[in-house]
Amino acid sequence: MKSESYFKKILVPVDGSHPCLHAEELAALIAKNFRSKVTVVHVISHDLLHPTLSYQVPSSVLSEITNWFFQAGRKIVWDAEALFKEEGIEVDARVIEHEDPAETVLRVAKDEEYDLVVMGNRGETEVEVFSLGSIAEKVSRHAESPVLIVKQKTRLSKILVAIDGSEIAEKALEYAVQLAKKHKAKVTLLNVGESKLFGFKPKVAKEVGERVLSGAAVKVKGLEVNTQLEFGNPAETIIEVAEKGNYDLIVVGSRGLSSVKRFLLGSVSDDVSHHAKCSVLIAR
């Protein structure tokens, strides 16, 4: 598949935070390289105004508060829209009122068939009222499209791909390779084995891991890749390797080969996206 067919429609939920700005910048970089169309959306949650507030303040004051949130939301999307337009990217901007942010992002992404959702991950000091932190977790867990969680300013020069031999891991590899080609990034394929699982002997586990890595590496065309085999808890090991290697991005599949929690990537993506310091792309 040609690289131009990847990431043609990108959805970027925005909240005005610093992590969100990093997400916008990375989304713009990807959109520019893949000639993508971008939609930025800000959702004014129905929870922003507590239900009891309407009984405690005059309706005129309540109207002013509601209007303030709407105007703030408009500024957020306008600023985001300007960032993409400056890069010559086709962009649409929306403010959606009185809905659940996570559910809205999931619905829009599904109904309008977006190829990628790019979201910032709120830091501990970000203002709660506009934050996408917990929203990003819910979206990354339930979206049908790939989700890129941006943790910090990301340049995409080193990409770590978690490989377990599953079909979705191959999809993760596809995305990683396309991104690497466009951004001239170095790619490392990582397999994390657990020698005790199913009574595997260390030698057998090593052979299985090496077979998985070599099988994935030969499928990569036009790009030099490195392979790395480690043993331990999958999520913890992926995060540790990413930190030690100063990787900019981890690409991991949303489901692995097995439903066994600690086996492969099926239950690992949530832990990696939540705890990794670098940005994480969850493939689907």
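Read in our numbering, the sequence shown has 1241 at position 45, and its numbers run on one by one without any break.
Don't be surprised by glycine CBs; every beta carbon is placed ideally from N, CA and C.
Owing to the predicted nature of the structure, the values given are computational and were not obtained by experimental measurement.
In the DSSP secondary-structure assignment, GLU1293 is bridged to ILE1240. Under the three-state reduction of DSSP output, ASN1317 falls in the coil class, being neither helix nor strand.
One Cα belongs to VAL1237, the other to GLU1293, and the distance between them is close to 11 Å.
Annotated three-state conformation of GLY1418 is coil, per DSSP.
A straight line joining the alpha-carbon of ALA1412 with that of GLU1366 spans about 7 Å.
When only Cα atoms are considered, ARG1290 and VAL1210 end up about 10 Å apart. If you draw a 10 Å sphere on the C-beta of GLY1284, you find fewer than 16 other C-beta atoms in it, and that means exposed. Between VAL1357 and LEU1312, the CB-CB gap reaches or exceeds 9 Å. If only complete runs of 3 or more residues are kept, the segment 1370-1394 shows the beta strand (DSSP E) at 1382-1389, in order along the chain.
Look at SER1259 here: in three-state DSSP terms it is helix. Excluding five sequence positions before and after LEU1279, the CB atoms of its chain that fall closer than 7 Å to its own CB belong to GLU1220 and ALA1224, given in chain order.
For GLY1441, there are no CB contacts under 6 Å within the same chain when 5 residues up- and downstream are skipped. The residue from VAL1234, ARG1480 and LYS1417 with its alpha-carbon nearest to that of VAL1304 is VAL1234.
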